[in-house]
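First the structure, in the form of structure tokens, and then the observations on it.
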Amino acid sequence: MKFKTNSYHNNLLMDVERIAFFQEALDILNSRKKKINIAYDLGSGSGILASLASKISKKVIAIEKDHLICKMARTNLKSLDNVEFIWEDVLKYKFNQKADLIICEALDTGLIDEEEVLILNHAINSLNDDGIIIPDSVINIIEPVNMDHPLIHYEDVEYSISNIDTNESNKKQYNLKINKSKYKHKILGNYKLLNSINFYKLNDPKVNEKIKFKINTNGCFNGLKIRTFTVFNNQLIISQTPMLNPPLFIPIDEIEVKKGDEIKVNIKYQMGGGLETIDVSYNGDYNE
């Protein structure tokens, strides 16, 4: 199936590892003989996940707020009679049918800049008691670092993806070239759990976490590194891919640290509120 979409969603389509996560999750459901009458694809984009869900669902309702993207997705999947596209902001949509499956890929590192939590908080009451959410949770970890870039930024690893048409299989494969980030950083201590978000629950989008790091090397502590792991059914875990969850670096007032120091940090942000909601500070005497 060929997908017509914009350049951003085309890059998402080219990220085969990201798509494979959702395909494997759907395969798990199918192997269980899970009956899916109604499936929602929330924030459908190009429609790729709706197309995958259509293979195991009686009906897929795909909701997309961008009018042009929704129109192109509807065209992309016009041959699938069991997929309905709705042009609507999911956060304003009134769900009138209970779902056996909800798919939502509004994911990003820490769930800070995208609306995954807000969307699923809004949609959770439309899920049947034995319904399934893909993905069902994320795990966020945080590390103390020395970084050479003074602003909030994502790891700028550059990915170039090219199509290769193989004679053997007559299928498209993808050749991924990774260029290292131009910004450097050094890990100063072991990672700590920042939080774990279960999408089957209503989640407070306000995050306020106190973290204590044990420093294991001398250096200048001036940043935090957040990494996110996306989970389904405790069977599938995916971290960074070309278009999903790049590590996020957050600056903090720099201090010199020594091996054995304990550093207490307070981090606050609003899930779905954007990077501008991030606030970090030291919590008391850093070597307390």
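Residue 15 is where the sequence shown starts when you use my numbering, and the numbers rise one by one after that. Where a beta carbon is used, it is the ideal one built from N, C-alpha and C, also for glycine.
- In the structure shown, H163 adopts coil according to DSSP, grouped into three states.
- Within the same chain, and ignoring the five residues on either side of E102 in sequence, the residues whose Cβ sits closer than 7 Å to its Cβ are I77, K79.
- Taken in chain order, the unbroken stretches of alpha helix (DSSP H) that lie wholly in the segment 15–44 and span 4 residues or more are 21–28.
- For K282, the secondary structure class from DSSP, reduced to helix, strand or coil, is strand.
- E290 is classed as exposed because its beta carbon has fewer than 16 other beta carbons within 10 Å across all chains shown.
- Bridge partners of H199 according to DSSP: M161.
- Taking every protein chain shown into account, the CB of T19 has 16 or more other CB atoms within 10 angstroms, so this residue is buried.
- In this chain, A113 is not harboured by any alpha helix (DSSP H); it is covered by the beta strand (DSSP E) spanning 113–118.
- For L63, the enclosing alpha helix (DSSP H) begins and ends at 62–67.
- Taking 8 Å as the cut-off, the beta carbon of N247 is found closer than this to the beta carbon of D150.
- With a cut-off of 8 Å on Cβ pairs, the segment 138–153 is in contact with the segment 204–218, counting three or more such pairs.
- Annotation: E169 is outside any alpha helix (DSSP H) and is labelled neither H nor E by DSSP.
- Just so you know, the alpha carbons of C234 and V271 end up roughly 6 Å apart.
- I281 is the residue among L202, E268, I281 whose C-alpha sits nearest the C-alpha of K224.
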